[in-house]
Each structure stands twice: as structure tokens, then as C-alpha cells.
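**Student:** Got a structure here, written out as C-alpha cells. Questions coming.
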Amino acid sequence: MNLFGKKSYVSIDGGERTKKSDKRRQKAEPSIPDGMWIKCNTCKAIIYKKEVTEYKLCPNCDAHFRMSPAERIAVTCDENTFEELDAGMRPQNPMSYPEYDEVIKKAQKKAGIPEGVVTGRCRIHGQDTVMAIMDSHFMMGSMGSVVGEKVTRAVEYATAHSLPIIIFTTSGGARMQEGIISLMQMAKVSEALGRHDEAGLLYVTVLTDPTTGGVTASFAMLGDIILSEPKALIGFAGQRVIQATIHQQLPEGFQRAEFQLEHGFVDRIVHREKLRDELGKILRLHSQPEREGTE
Amino acid sequence: MSDAMKSVAIARMIERPNTKQFIAGIFDDFLEFHGDRLFADDGAIVGGLAALGGIPVTVIGIQKGHTLEENVACNFGQPNPEGYRKALRLMKQAEKFHRPVVTFINTAGAFCGIGAEERGQGEAIARNLMEMSRLRTPIISIFIGEGGSGGALGLAVGDSVWMLEHGMYSVLSPEGFASILWRDSSRAAEAADLMKMTARDLLQNEVIDRMFLEPKEGLENNLEYTTAEIKWALLETLPRLMKMDLADLLEKRYQRFRKFGDFVE
């Protein structure tokens with residue numbers, strides 16, 4: 001169950017006692033305040049938080065930590081160009097799942113946003129695009145009605161305005177608490193992408209850690225160009241499910257971005273610090289002739 | 296046992312008639328075609344050309360076996376990516392020759408294995424969803440047993456979606472649901488009720504458009520009763536869909552799936 005439940009990094013605060021002693025130490029010497037250390041879940045190194053830049057990389061092993069949509073927008077879009085769409089959309093409870101309201105409230109508090117995806121339009125290197133960014137901190141980026149509807153509307157908006165769309169994926173799969181309605185979101189987003197495709201418009205997927213289940217089996221794999229961040233876990237089935245099915249050890253690096261590149265399902269693996277420039281280049285090389293020079 | 300769990304048990308019975316039996320009962324002159332032209336022929340999905348009262352139809356379905364030997368040959372009805380790609384190849388063929396597509400769904404889910412991941416299970420299903428949503432010929436999808444998640448949806452983006460009385464369709468199995476959300480797989484019956492996965496529930500929330508009652512003596516004991524009903528329904532529906540303006544047909548299919556979602560603004 002908690003296969004993807006880990007945070008990418010955890011605060012090392014030793015509880016009440018350390019806090020007190022830290023406070024004492026602070027008075028005595030200019031030492032590092034509590035909560036300023038984090039642990040990289042990849043290399044296990046203890047790192048000083050201030051060494052982590054806005055790109056959220058491990059300074060020791062270069063692991064790409066999971067990002068929130070706000071952090072993603074900050075390093076991807078031209079400054080102050082992101083205009084959010086459908087910001088107020090909130091989930092209902094189609095299956096009358098017990099305590100779904102509380103689960104949602106908890107997720108909202110944890111992620112600081114009302115649902116698992118942020119959509120909008122923005123500019124990258126001066127070029128207009130629609131963008132959707134999923135958030136793994138919100139119920140593991142699971143796709144329920146709101147995620148499906150917001151992404152579908154973003155795609156339809158892009159089609160209506162003849163714009164490209166870039167989707168940053170991260171998801172554990174369908175939102176089980178919404179039952180069959182969550183499954184239907186896969187068809188809904190895919191058909192909207194079909195119309196965007198028929199209009200001759202560009203769709204770029206950026207796969208980030210982790211992208212699995214129903215999102216992989218729908219819009220994550222439908223990009224004209226599919227980029228991935230290094231070492232991101234990308235797959236259809238969860239590793240525990242596969243292991244339980246075949247009773248075999250899974251190979252090293254199974255379902256990672258590099259595995260997907262080797263098997264032909266990813267166009268390019270792009271380091272996060274280069275992503276904005278690559279996206280800018282891709283958009284520029286797909287821009288309509290009459291738009292050139294507006295930049 | 297709850298009604299939902301009863302239906303789940305019936306849908307999974309090894310005696311339950313499979314896709315090939317439905318094809319034989321409904322269509323004439325079935326010619327099975329093999330392979331995805333890319334990698335292999337997946338025994339979990341059968342497909343080919345058949346006639347329905349003189350109308351050429353492309354028929355595709357997920358195949359389960361009645362014996363261990365049969366089940367090994369069809370991987371217990373759990374398709375690999377090449378199965379979904381074979382299905383898409385046959386659907387594109389149907390589009391080219393302007394014949395309708397009928398799909399039969401009966402799977403616990405798409406296969407979860409190393410090879411399936413290496414060959415892009417997610418990509419194969421995703422591609423089917425997008426291509427089916429815009430296939431320029433009518434599609435009818437019929438759930439005859441289990442309908443497990445994305446592996447079922449990958450053949451079920453139809454103009455009309457039908458289901459047998461004891462069919463089921465869900466985002467994951469009731470056992471999986473109970474074990475993931477409640478860490479207790481013994482609460483599967485409770486999960487089955489909550490998940491609204493039976494034909495009657497699905498009819499109510501419009502995930503399916505039509506339900507076929509099964510004979511009292513059991514589908515396996517009187518398959519002719521149900522295949523006759525389905526044949527009659529297809530003979531009534533397909534010519535109507537084939538006469539429809541293509542743009543209208545595609546718009547209706549789009550709206551059929553576009554409407555799902557429960558949210559407030």
C-alpha cells in the first residue's frame with residue numbers, strides 16, 4: 001500500500017527534547033536551527049536544507065525530489081505569467097465512501113491546494129502554452145473526478161485556443177475512493193487529447209516520480225513528445241502487484257525512467273535544471289510561422 | 296453473501312461462458328485473425344471477422360478458459376500489451392472497411408508482469424482509449440463477466456456499453472480495494488457493495504447503457520437464451536448506428552464519456 005507513500009525527504013527533528021536543546025544551543029552559538037536538516041531518501045545523506053535550491057535536487061546524489069505545483073511553476077514558467085484555470089473546483093463523494101470528506105480535508109491541508117492537479121496557461125521563453133501539474137502530495141496524485149475534469153478542461157481549452165499543452169504527471173493511479181467514476185476519467189482525458197491531436201496541436205508529457213496506474217494507462221503515455229525526469233518510477237502495475245503475480249525478483253532499475261527510455265517509451269530524460277530550456281526549445285520549434293517574432 | 300459479492304462470484308465462475316462461445320452463439324462465419332504485427336499473438340484476446348445477419352462485423356474479445364490448460368493458453372484472460380495492440384489493429388481495419396466493431400470484455404485486469412511493463416502495458420491501453428474515442432465506425436462493448444479496471448476499459452470505449460446481469464466493472468477488485476484501503480481483504484463483500492460494481496448499479500450511474508438478464512438456470516446452462524437477446528439487440532442497434540452521421544456518432548461517443556465526474560465549483 002505505501003509503495004509510493006514516502007515523502008522524498010523527511011525533516012530530521014528529534015522531537016521535543018532536541019528542540020529544547022537546540023534552542024539552548026542557539027543562544028550559546030550561532031548553530032543551525034531545528035528542522036534545517038533533511039534526509040535524502042535516495043542516498044540517505046543528511047543535507048542542510050539551504051543547500052537545496054529551487055530545483056529541489058539532492059546536493060549529494062542529484063536525486064530529483066518531488067515538487068509541488070507552485071515550485072514547478074516557479075522553475076518552469078516565465079515570471080508572473082501563470083494564470084490558473086478552474087482553481088475553485090472541489091471533489092464530491094460519488095461512491096459515498098465513508099469519511100471521504102475527512103480524507104480530502106487532510107490531503108488539502110498536507111498539499112496546501114484543493115485537489116491533486118493545478119491547471120492554467122502561462123508562457124515559457126515567451127511562448128504561450130497550457131499547463132497541468134499534478135501533485136503527489138495530494139493523495140499520491142490519484143486521479144478522481146476533479147483531476148480528470150481539470151485536465152480535460154485544460155486540454156479542451158488548449159484545443160479551443162490552438163495552444164500546446166504540457167502535462168507534468170505524478171500519480172499512484174485512479175482514486176479508488178471514487179470507484180468506477182475515477183476509471184472513467186481515463187477515457188475522458190484521452191478523448192479530449194484525441195481532439196487536441198486532430199487539431200494538429202502539440203502535447204508534451206513530462207513524467208515525474210512516480211507516474212503509475214491509470215495515469216500511465218491514459219494521458220501520461222499519449223504525448224507527442226514524452227520527457228521524463230531522471231530515475232522517475234514509471235509503470236502501469238505497482239511493483240508489489242507484479243511481484244505477487246509472478247513470484248520473481250524484479251530487475252535492478254525496473255520501471256525507472258532509464259528503463260522506459262531503453263524500451264522505447266520515453267523520448268528524452270531531462271535533468272530538472274535543463275527542463276525549462278528544453279520545453280522552451282520544443283515550443284519554439286512547433287510555433288506557427290505567423291507567431292514567430294511575437295516573442 | 297451480499298448481492299454484489301454473489302454477482303462477483305458468478306462472474307468469475309470457471310464454467311461461465313467465454314468470449315468464443317458468445318461469438319459462436321451470436322455471429323456466423325467467424326474467422327479468427329492473429330497477431331499485432333509488432334511482437335506476438337496474445338491468446339488472451341481473440342479477434343477477427345464475422346457476420347451478423349449478413350452484416351460484416353469486426354469482433355474482438357478477452358478470452359478466458361474453462362480448464363487449466365485453456366487458461367494457460369489465454370493467460371487466464373489477462374491481456375499483455377500485444378493483445379491490446381492486436382485489438383487496435385483490428386479496429387483500425389474495421390474503420391477502413393466501414394464495418395462496426397463489437398467487443399466482449401471479461402478480465403480480472405491487464406496482466407501485471409515484467410514483459411508487460413517492458414512492452415508498455417500503459418501505452419497500449421492509453422492508445423486504445425484515445426483511438427477508440429475517435430474510431431470512425433460504430434463500437435459496441437459488452438461486459439460478459441469480470442470487468443477489471445484499465446484492462447477492461449481498454450476495449451470498452453464504445454458508443455453503447457452493455458452488460459450481462461452478473462457482469463461487473465470496477466476500478467479494482469473488491470479484495471484489492473479492501474486490502475488497500477482497509478488493510479483487510481476479508482472485507483471484500485463490504486467493498487463490493489460500496490463500489491457499486493454490479494450491472495444494476497452501473498446502469499443507474501450510466502456507466503452502462505443496457506443490461507441483459509441471465510436465465511434463472513444459470514448462463515452456462517442456457518447460453519442460447521442470452522445470445523439470442525444480444526443478437527436481437529445488435530441487429531436493432533448496429534444498423535441504426537451505421538446510418539448515423541459520422542460527426543454525430545463521434546460527438547455522442549465523446550459526450551458519453553465526457554459527462555463522468557462528480558465535483559462542485
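Here the protein sequences line up with chains V and D, keeping their order.
Residue numbering for the first sequence follows the numbering used here, starting at 1 and increasing by one per position.
Residue numbering for the second sequence follows the numbering used here, starting at 296 and increasing by one per position.
No residue lacks a Cβ here, since even glycine has one placed at the ideal position from N, Cα and C.
Note that the coordinates shown come from a computational prediction; the quantities given were computed from them, not determined experimentally.
Would you give the residue range spanned by the beta strand (DSSP E) that Tyr203(V) belongs to?
**Tutor:** Where Tyr203(V) is concerned, the enclosing beta strand (DSSP E) stretches over Tyr203 to Thr211.
**Student:** Which stretch, first to last residue, makes up the alpha helix (DSSP H) that contains Glu84(V)?
**Tutor:** Unbroken run through Glu84(V) is the beta strand (DSSP E), Glu83 to Leu85; no alpha helix (DSSP H).
**Student:** Just to confirm the assignment, what range does the alpha helix (DSSP H) spanning Asn423(D) have?
**Tutor:** Gln416 to Ser428 is the span of the alpha helix (DSSP H), which, as asked, contains Asn423(D).
**Student:** Three-state secondary structure (DSSP) at Gly194(V)?
**Tutor:** Helix, per DSSP.
**Student:** By the 10 Å Cβ neighbour count, where 16 or more other Cβ atoms means buried, how is Gln248(V) classified, buried or exposed?
**Tutor:** By the 10 Å Cβ count, Gln248(V) comes out exposed.
**Student:** Among residues of its own chain, excluding the 5 on either side of Pro269(V), which ones have a beta-carbon nearer than 6 Å to its beta-carbon?
**Tutor:** In the sequence as presented, Pro is not what sits at residue 269(V); that position holds Ile. These residues qualify, in order along the chain: Ser228, Pro230, Ala257 and Leu261.
**Student:** Measuring alpha carbon to alpha carbon, tell me which residue in Glu441(D), Met425(D), Gly320(D) and Trp477(D) is nearest Val189(V).
**Tutor:** Ranking Glu441(D), Met425(D), Gly320(D) and Trp477(D) by Cα distance to Val189(V) puts Met425(D) first.
**Student:** Between Gly120(V) and chain D, is the shortest Cβ-Cβ distance under 8 Å, so that the two count as touching?
**Tutor:** No, Gly120(V) does not count as interfacial toward chain D.
**Student:** Whose C-beta lies closer than 7 Å to the C-beta of Ala154(V) among residues of the same chain, with five residues either side of it excluded?
**Tutor:** These residues qualify, in order along the chain: Leu85, Thr119, Val130, Ala132 and Ile165.
**Student:** Inspect the CB distances between the stretch 430-440 of chain D and the stretch 190-202 of chain V and report whether three or more fall short of 8 Å.
**Tutor:** With a cut-off of 8 Å, the stretch 190-202 of chain V and the stretch 430-440 of chain D do not count as touching, because too few Cβ pairs lie within range.
**Student:** Ordered along the chain, which non-local residues of its own chain (more than five positions away) have a Cβ less than 6 Å from that of Thr76(V)?
**Tutor:** Correct list, in chain order: Arg276.
**Student:** Give me, in chain order, the residues of the same chain whose beta-carbon lies closer than 7 Å to that of Ala304(D); leave out the 5 immediate sequence neighbours on both sides.
**Tutor:** Cβ neighbours of Ala304(D) beyond the five flanking positions: none.
**Student:** If you drop the 5 nearest sequence neighbours on each side, which residues of the same chain put their C-beta closer than 8 Å to that of Met1(V)?
**Tutor:** Caution applies to Met1(V), whose pLDDT of 44 falls short of 50 and renders its modelled position unreliable; the value that the coordinates give is listed next. Nothing meets the Cβ criterion.
**Student:** My parser needs the beta strand (DSSP E) runs of 3 or more residues fully inside the stretch 30-75 of chain V; what are they?
**Tutor:** Whole beta strand (DSSP E) segments, 3+ residues: 37-40 and 46-48.
**Student:** Give every residue of the same chain whose Cβ lies closer than 8 Å to the Cβ of Gly342(D), excluding the five residues on either side of it in the sequence, and list them in chain order.
**Tutor:** Counting only Cβ-Cβ distances below 8 Å, and skipping sequence neighbours, we find Glu327, Phe328, Thr353, Val354, Ile355, Gly356, Lys381, Ala382 and Leu385.
**Student:** Give the range of the beta strand (DSSP E) segment to which Val118(V) is assigned.
**Tutor:** Looking at the DSSP string, the run of the beta strand (DSSP E) that includes Val118(V) is Val117 to Ile124.
**Student:** Which partner residues does Pro91(V) have in the DSSP bridge list?
**Tutor:** DSSP, once it has assigned bridges, lists Phe558(D) as partnering Pro91(V).
**Student:** Give me, in chain order, the residues of the same chain whose beta-carbon lies closer than 8 Å to that of Val266(V); leave out the 5 immediate sequence neighbours on both sides.
**Tutor:** Excluding sequence neighbours, Val266(V) sits near Leu207, Ile226, Leu227, Ser228, Ile234, Ala257 and Gln260.
**Student:** Relative to the alpha-carbon of Phe371(D), which residue among Glu377(D), Tyr379(D) and Thr362(D) has its alpha-carbon at the smallest distance?
**Tutor:** Nearest C-alpha to Phe371(D): Thr362(D).
**Student:** As a quick exercise: from Val146(V), Thr53(V) and Asp62(V), pick the residue whose alpha carbon is nearest that of Cys43(V).
**Tutor:** The shortest Cα separation from Cys43(V) among Val146(V), Thr53(V) and Asp62(V) belongs to Asp62(V).
**Student:** Shorter than 8 Å from the beta carbon of Gly338(D) to some beta carbon of chain V?
**Tutor:** So, not an interface residue.
**Student:** Can you list, in chain order, the residues of its chain whose CB lies under 8 Å from that of Arg66(V), leaving out five sequence neighbours each side?
**Tutor:** Same-chain partners within the cutoff: Lys7, Ser8, Lys56, Ser136, His137, Thr170, Thr208 and Asp209.
**Student:** Give the single residue among Glu512(D), Gly445(D), Glu460(D) and Asp331(D) whose Cα lies nearest to the Cα of Ile180(V).
**Tutor:** The option with the nearest alpha carbon to Ile180(V) is Gly445(D).
**Student:** Which chain V residues are close to Val466(D), counting only those with a beta carbon under 9 Å from its beta carbon?
**Tutor:** Going along chain V in sequence order, the residues near Val466(D) (Cβ under 9 Å) are Gly173, Ala174, Arg175, Met176, Glu178, Gly179, Ile180, Ile181, Ser182, Leu183 and Gly214.
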